[in-house]
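Asker: Structure incoming, see below.
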Amino acid sequence: MSSSNEEEIEWTDDDEEDNIGLDSDVARLRNEESMAAGPSRPPLVSHFIGMGFPEDMITHAIEEHGEGNTESILDTLLTYTAIEKSPSSQMEVSPQSEGEIPLTDEEFSDIDVTGEEERVADLSEKDKRLLQLVEMEFPAEDALSAIDRCGPNASFLELVDSILAAQMAKDSDDFSDLWEDFPLSEDEEEETNVREDKRRQFLNRNQYGSGPSTGLHTSPSNLPYPMVGFGLPSDPQRITHRELPKSAYGPPYFYFENVALAPKGVWEEMSKHLYHVEPEFVDSRYFCSTARKRGYIHNLPIDKRIQLLPPPPLTIQEALPSAREWWPSWDNRTKLNCILTSKVSARHTKKIIEAIAITSGESPSPLVQEFVLKECRRWNLIWVGLHKVAPLEPGDMEVLLGFPRNHTSGLGFSERYKCLGNSFQIDTVAYHLSVLKELFPHGLRVLSLFSGIGGAEVALHRLGIPLNLVVSVEKSESSRMIFKAWWGQTKQRGTLISMDDVKQLNEEKLKELIRLYGGFDLIIGGSPCNNLTGSNRVSRTGLEGEHSSLFYDYSRIVHFVRSFIRGRM
DNA sequence: ACGATTATGAGAGGAACG
DNA sequence: CGTTCCTCTCATAATCGT
Numbered sequence: 000m001s002s003s004n005e006e007e008i009e010w011t012d013d014d015e016e017d018n019i020g021l022d023s024d025v026a027r028l029r030n031e032e033s034m035a036a037g038p039s040r041p042p043l044v045s046h047f048i049g050m051g052f053p054e055d056m057i058t059h060a061i062e063e064h065g066e067g068n069t070e071s072i073l074d075t076l077l078t079y080t081a082i083e084k085s086p087s088s089q090m091e092v093s094p095q096s097e098g099e100i101p102l103t104d105e106e107f108s109d110i111d112v113t114g115e116e117e118r119v120a121d122l123s124e125k126d127k128r129l130l131q132l133v134e135m136e137f138p139a140e141d142a143l144s145a146i147d148r149c150g151p152n153a154s155f156l157e158l159v160d161s162i163l164a165a166q167m168a169k170d171s172d173d174f175s176d177l178w179e180d181f182p183l184s185e186d187e188e189e190e191t192n193v194r195e196d197k198r199r200q201f202l203n204r205n206q207y208g209s210g211p212s213t214g215l216h217t218s219p220s221n222l223p224y225p226m227v228g229f230g231l232p233s234d235p236q237r238i239t240h241r242e243l244p245k246s247a248y249g250p251p252y253f254y255f256e257n258v259a260l261a262p263k264g265v266w267e268e269m270s271k272h273l274y275h276v277e278p279e280f281v282d283s284r285y286f287c288s289t290a291r292k293r294g295y296i297h298n299l300p301i302d303k304r305i306q307l308l309p310p311p312p313l314t315i316q317e318a319l320p321s322a323r324e325w326w327p328s329w330d331n332r333t334k335l336n337c338i339l340t341s342k343v344s345a346r347h348t349k350k351i352i353e354a355i356a357i358t359s360g361e362s363p364s365p366l367v368q369e370f371v372l373k374e375c376r377r378w379n380l381i382w383v384g385l386h387k388v389a390p391l392e393p394g395d396m397e398v399l400l401g402f403p404r405n406h407t408s409g410l411g412f413s414e415r416y417k418c419l420g421n422s423f424q425i426d427t428v429a430y431h432l433s434v435l436k437e438l439f440p441h442g443l444r445v446l447s448l449f450s451g452i453g454g455a456e457v458a459l460h461r462l463g464i465p466l467n468l469v470v471s472v473e474k475s476e477s478s479r480m481i482f483k484a485w486w487g488q489t490k491q492r493g494t495l496i497s498m499d500d501v502k503q504l505n506e507e508k509l510k511e512l513i514r515l516y517g518g519f520d521l522i523i524g525g526s527p528c529n530n531l532t533g534s535n536r537v538s539r540t541g542l543e544g545e546h547s548s549l550f551y552d553y554s555r556i557v558h559f560v561r562s563f564i565r566g567r568m
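Residue 0 is where the first sequence starts when you use numbering that gives the first Met the number 0, and the numbers rise one by one after that.
The following block contains the structure:
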């Protein structure tokens, strides 16, 4: 009966904003195409020199805006001098311009688990490995002997495996309780047989370094590096076995997703409410050409994962050939940052492009390069023309995330950015869900919460898993519309039940659905991250926030459905 | 009224350095 | 060890423009 599904617009009580404030003439600096490049006058130049700007920069700015527009000139100068506040600019840029480490194609395509930031080979390979292992709090002697055992060019995971194998051989259960100092949830009395696979413990090193009870102490590096979860498809040494808490084992399976960089304590709290299953943190940068750091709490088997075929391009330049055409050599990015829900303003983009254009010649000056590169990283810009950058278009976002192009067409631009920024990366999720294909050869009954534009269903469909039943909960009407359109376009034969409020799924409704369809095989959902993500500058209030607290509905439904179904079996 | 546009940093972790 | 700098992040709300 909790049909009070209106918590969306509570702040409409103070909307008497009838300020038709068009009175203020804000029509200043509309368009300054006064390209009358007059002679640079010493008075104006010296005026800015007196303010501390370099002379050549002033000259360029005056040529750009015309000598009359002092306001725009000052604006430009202030923008450029923001670069100089970084004292490392001179040191970092100059060796690059002369030393010139060119980007080879192998660097574009090769994905190394140990991270590509380590290509500087000052230390010997052995020393670097040793340093890494010691930083992960392995005893130095154990690390050394492992390096000796595995040879000079062993992968990082091989070394970890070797060390842990040796440690387990000599019976060490002294570091197995990172996970056990959590208070048990009141509903489950699972014995704390959280004998986690030790390889995973060390992969996700320090994952829960500071327990919730004690104050913080040592380095709370909460997230693993590299953020590859149980391992990549290409890694033969990837982890293929883990031990789940007993209460979490078996179907119906659950698969939960949220942002990896949540406020402190949030992942511990979410794990506590999902059978104490340890999250798997994965950055989609290892599966495609755009980053997406996410945590996944699930009870799926992990031993027979297969990646989606064909695998997507791993670099921007491969994924967006039109961008590669214009990509300058001094932009060394091969991966895009996370696709967010909003994009850069056209005004700011114009300012960046003007900064590039201010240098005549082949390539901009090192200072401008650094400025542009920084802005490109911040706003996830790509090259769309000679000396011209632009934000991603919705169609490119769809492809990068693994959706069919034009998956969200029919919506306005703002809505497309929003729902795409909120969605899964299909290849990453499909890799995890792929184990279901063998387990359910005749198809799945899916309970899909916070479905959005149907990322989970698209992943399952691309895996070739029939969707016999999908009960989908999604608040946004436009997202529901997109999902239903996809459902029809792909000629799904199963049953689709769509609703808008997760509160409607009370025990009675769930019992009815289970009675009708026999049960569910998978309960999947990424609960709202609004109050968790660092992108939120206004209301990053944590798991108890207005939207993100809907996580508790996910865990409530998972617990009820699992206990109810398993009670009938 | 409604979609499009725009301005708005904190926070956490890692790297470099002494 | 601490300090400093650097990097990145499934967004919100006021405003604009039809």
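Note that CB positions come from ideal geometry on N, CA and C, so glycine has one too. What you are looking at is a predicted structure, and each value in this text was computed from that prediction instead of being measured.
In chain order, what residues of the same chain have a beta carbon less than 6 angstroms from the beta carbon of Thr540, not counting five sequence neighbours either side?
Answerer: Excluding sequence neighbours, Thr540 sits near Asn530.
Asker: Helix, strand or coil for Ser447, going by three-state DSSP, please let me know.
Answerer: strand
Asker: Please go through the same chain and pick out, in chain order, the residues whose beta-carbon is closer than 7 angstroms to the beta-carbon of Ala247, but skip the five residues on each side of it.
Answerer: Tyr274, Val276, Asn298
Asker: I need the straight-line Cα distance from Ala290 to Arg376, nearest angstrom please.
Answerer: The straight-line gap from Cα to Cα measures roughly 12 angstroms.
Asker: By the three-class DSSP mapping on this structure, what secondary structure does Met269 have?
Answerer: helix
Asker: What ranges does the beta strand (DSSP E) occupy inside the segment 281-319, keeping only unbroken runs of at least 3 residues that lie completely in it?
Answerer: 292-297
Asker: Residues in the same chain with beta-carbon distance under 6 angstroms from Ile496, minus the five sequence neighbours each way, listed in chain order, please.
Answerer: Val470
Asker: So, for Ser87: in the same chain, excluding its five sequence neighbours on each side, which residues have a beta-carbon less than 6 angstroms away from its beta-carbon?
Answerer: Low per-residue confidence applies at Ser87: pLDDT is 38, beneath 50, and the placement is therefore not dependable, though the value from the model is reported in the following sentence. There are no such residues.
Asker: Report the start-end ranges of each beta strand (DSSP E) in the segment 337-424 that is 3 residues or longer and not cut off at the edges.
Answerer: 380-384, 387-390
Asker: Pick from Pro403, Leu339, Val367, Ser359: whose alpha carbon is nearest that of Lys350?
Answerer: Nearest of Pro403, Leu339, Val367, Ser359 to Lys350, Cα basis: Val367.
Asker: Consult DSSP for Tyr551 and reduce its assignment to one of helix, strand or coil.
Answerer: Correct three-state label for Tyr551: helix.
Asker: Buried or exposed: which applies to Thr407, given that a residue is buried once 16 or more other Cβ atoms fall within 10 Å of its Cβ?
Answerer: buried
Asker: Please report how far the alpha carbon of Glu242 lies from the alpha carbon of Ala354, in whole angstroms.
Answerer: 55 angstroms
Asker: What do you get for His59, buried or exposed, if any count of 16 or more other CB atoms within 10 angstroms of its CB means buried?
Answerer: buried
Asker: Going by CA-CA distance only, name the one from Ile305, Lys342, Asn331, Asp330 that's closest to Lys436.
Answerer: Ile305
Asker: What's the C-alpha gap between Lys502 and Val560?
Answerer: 15 angstroms
Asker: If the criterion is Cβ atoms closer than 8 angstroms, does the pair Leu462 and Ser433 meet it?
Answerer: yes
Asker: Please state the DSSP three-state secondary structure of Met56.
Answerer: helix
Asker: Please state if the CB of Leu391 and the CB of Asn379 are separated by a distance shorter than 8 angstroms.
Answerer: Yes, the pair counts as a contact, with Cβ atoms nearer than the cut-off.
Asker: Evaluate contact between the segment 337-344 and the segment 409-421, counting only Cβ atoms and requiring at least three cross-stretch pairs below 8 angstroms.
Answerer: yes
Asker: Identify whether Met480 lies in helix, strand or coil by the three-state DSSP scheme.
Answerer: helix
Asker: Strictly by DSSP, which residues pair up with Asn257?
Answerer: Gly294
Asker: Only counting the same chain, and skipping five residues up and downstream in sequence, which positions put a Cβ closer than 7 angstroms to that of Val265?
Answerer: Leu531, Gly541, Leu542
Asker: Are the Cβ atoms of Ile425 and Val457 separated by less than 8 angstroms?
Answerer: For the 8 angstroms CB-CB criterion, Ile425 and Val457 form a contact.
Asker: Using the C-alpha atoms, what's the distance from Thr348 back to Ser270?
Answerer: Spanning the alpha carbons of Ser270 and Thr348 requires a straight line of approximately 41 angstroms.
Asker: If you check the beta carbons only, do Asp330 and Thr239 fall under 8 angstroms apart?
Answerer: no
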